Ligand SMILES: [Zn+2]
C-alpha cells in the first residue's frame with residue numbers, strides 16, 4: 184500500500200489520533216466497570232501521564248494500551264510496511280510507559296495496564312484478574 188503522507192505528516196496524524204485516546208476501548212472498559220459495580224473512577228483526571236482512568240480514592244491509575252502502539256506481543260497488528268519506523272516509535276512508547284509507571288509507583292500509587300486485546304470477550308478472565316483489586 185502506498186503511503187500518501189510523508190513520515191513527518193504521518194507522525195503528526197498518529198500523534199493526534201493517539202492523544203485523543205481510544206474511545207472505543209475506554210467505553211468497553213466502562214461497561215465492564217458498570218457490570219461489576221466498580222465505582223469511583225474518573226476520566227481525564229489531571230495527573231501526569233494521562234491515565235485513561237483514575238481512582239483517586241484508591242490511588243490507582245489505569246492505562247488502556249493499544250497492542251500495536253505499546254508493543255504487546257499478541258496477534259494484534261504487526262504491519263510489515265515501514266517496520267523499522269514503527270519499531271522505533273513503539274520502543275519509545277514502551278520506555279515512556281516504564282517511566283510513567285515509576286512515577287506513579289514512587290508516589291505510592293498502583294498502576295494497572297490493560298491491553299487493548301484484553302477487552303475482547305474471550306480474554307475477559309485475564310481482564311478481570313487485573314481489575315479484581317477494584318472490586319470490593
Ligand atoms: Zn494485545
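Numbering (the working numbering), first residue to last: 184 to 319. From the three backbone atoms N, C-alpha and C, an ideal C-beta is built for every residue, glycine too. Just so you know, these numbers come straight off a predicted model, no measurement behind them.
Nearest-angstrom Cα separation, counted from residue j out to residue i
i, j, result
"residue 281", "residue 218", "30 Å"
"residue 202", "residue 319", "Residue confidence is low: residue 202 scores 48 on pLDDT, short of 50, so the model does not pin down where it sits. No coordinate-derived value is stated."
"residue 272", "residue 255", "13 Å"
"residue 264", "residue 220", "43 Å"
"residue 310", "residue 278", "23 Å"
"residue 206", "residue 212", "10 Å"
"residue 184", "residue 269", "Note that residue 184 has pLDDT 48, beneath the 50 cutoff, so the model's placement of it is unreliable and no number is given."
"residue 224", "residue 216", "9 Å"
"residue 228", "residue 287", "14 Å"
"residue 244", "residue 257", "23 Å"
"residue 307", "residue 298", "11 Å"
"residue 276", "residue 294", "16 Å"
"residue 232", "residue 284", "9 Å"
"residue 189", "residue 316", "44 Å"
Ligand 1 heavy atom lying under 6 Å from the CB of residue i
i, result
"residue 298", "yes"
"residue 253", "no"
Collapsed DSSP secondary structure at residue i in the structure displayed
i, result
"residue 221", "coil"
"residue 230", "coil"
"residue 184", "Unreliable positioning characterises residue 184 in this predicted model, as indicated by a pLDDT of 48, which lies under 50. The coordinate reading is nonetheless provided below. Coil, per DSSP."
"residue 315", "helix"
Problem set entry | Complete runs of the beta strand (DSSP E) confined to the region 232 to 313 [at least 3 residues] | 236 to 238, 243 to 248 and 293 to 298
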